[in-house]
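Scroll down for the structure; my scribbles are underneath it.
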Amino acid sequence: VIAMPPPERELERLLAARVPAVVVDFRYPALTHTYIDNVGGGYLATKHLIELGHRRIAFVGDPSVNPYGFVSSADRCTGFRRAMADAGLEIPAAFMKECPHGRHVAHRLTAELLNLKEPPTAVVAASDTQALGVLDGAKNIDVDVPHGLSVIGFDDIEVAAYVGLTTVRQPLILSGARGAELLLEAIAAPYPPPAPIAEQLPLELIVRKSTVPPK
713 VIAMPPPERE LERLLAARVP AVVVDFRYPA LTHTYIDNVG GGYLATKHLI
763 ELGHRRIAFV GDPSVNPYGF VSSADRCTGF RRAMADAGLE IPAAFMKECP
813 HGRHVAHRLT AELLNLKEPP TAVVAASDTQ ALGVLDGAKN IDVDVPHGLS
863 VIGFDDIEVA AYVGLTTVRQ PLILSGARGA ELLLEAIAAP YPPPAPIAEQ
913 LPLELIVRKS TVPPK
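One point on numbering: in my numbering, the residue at position 20 of the sequence shown is 732, and numbering is uninterrupted.
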């Protein structure tokens, strides 16, 4: 079971060795894989804020180019942009924040956002970890969440429920379980193996107390 994009040369060696393998959590057409619709998830998160009445919405996510081949944050950003465009809303350049993945950097970028002349009323974070940094940043400069700033994350990690974070839940446990099941099926299958399977797993909007209509 592979949980991150393998280098092309490693994939070739894997296929040549006829080793059954399954990829989880990202698209990989050459192998059986499970994935989520990250673009759709970013759209869902942003649409929730728009439906609450927010118009000035910022995005905090990972750099669009990273050394590990992960595209989830970039895909969620694409969903954010699509939702804003569909609603006819502009995105000021200053509202787009990219940073190395982590809570502390998101904290710093939130201060930059909230010190703008016209700050956002809401933030879409590409992960719950970054959303926690946004919450920290708002608290540090006495901006009330959710009445001064609404925040939505992505993943639904355990601490999200504890802090009341609205988020898009991805089924992490189901992803691992399905990966194992698909691998066992691949091991039991006769050679040559069947065509790779692509299985999309569901996302769910989890509304908690960190998002409300703007003042």
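Each residue gets a CB set at the ideal place from its N, CA and C atoms; glycine is no exception.
Beta carbon of residue i nearer than 8 Å to that of residue j
| i | j | result |
| --- | --- | --- |
| I714 | V735 | yes |
| L913 | L896 | no |
| S776 | E810 | yes |
| R788 | F866 | yes |
| E830 | R768 | yes |
| V772 | A818 | yes |
| R881 | E916 | yes |
| A795 | V835 | no |
| L761 | P908 | no |
| G860 | H816 | no |
| P904 | A898 | no |
| I765 | P926 | A small correction: the amino acid at residue 765 is Gly; Ile does not occupy that position in the sequence shown. It is a contact, given that the beta carbons lie within the stated cut-off. |
| L847 | V875 | yes |
| Y740 | P717 | yes |
Strand pairing of residue i, partner residues [DSSP]
| i | result |
| --- | --- |
| G800 | G800 is not bridged to any residue. |
| D867 | R881 |
| H766 | DSSP lists no partner for H766. |
| E911 | T746 |
| A772 | With the sequence shown as reference, residue 772 is identified as Val, and Ala is not the correct amino acid for it. Beta-bridge pairing links V772 to K809, A837. |
| V734 | T744 |
| S862 | A834 |
| E916 | R881 |
| I714 | V735 |
Spatial neighbours of residue i in its chain, beta-carbon cut-off 6 Å, leaving aside the 5 residues before and after
| i | result |
| --- | --- |
| T878 | I864, V919, R920, S922, T923 |
| A872 | D840, T879 |
| P812 | none |
| Q842 | V772, A818 |
| L726 | A733 |
Beta-carbon separation (whole angstroms), residue i vs residue j, contact threshold 8 Å
| i | j | result |
| --- | --- | --- |
| T833 | A850 | 12 Å between Cβ atoms; not a contact. |
| A838 | D774 | 6 Å |
| L826 | I803 | Contact doesn't hold; Cβ gap of about 17 Å is too wide. |
Close-in-space but distant-in-sequence residues of the same chain around residue i (CB under 8 Å, 5 per side omitted)
| i | result |
| --- | --- |
| G791 | N750, V751, G752, G753, G754, Y755, L756, A757, T758 |
Residues near residue i by beta carbon distance below 7 Å, same chain, minus five either side
| i | result |
| --- | --- |
| V857 | L847, A850, V863, S922 |
| G891 | V713, V734, V736, T746 |
For the region 777-851, list the beta strand (DSSP E) runs that are entirely contained and at least 3 residues long, ordered along the chain.
-> 808-810, 834-837
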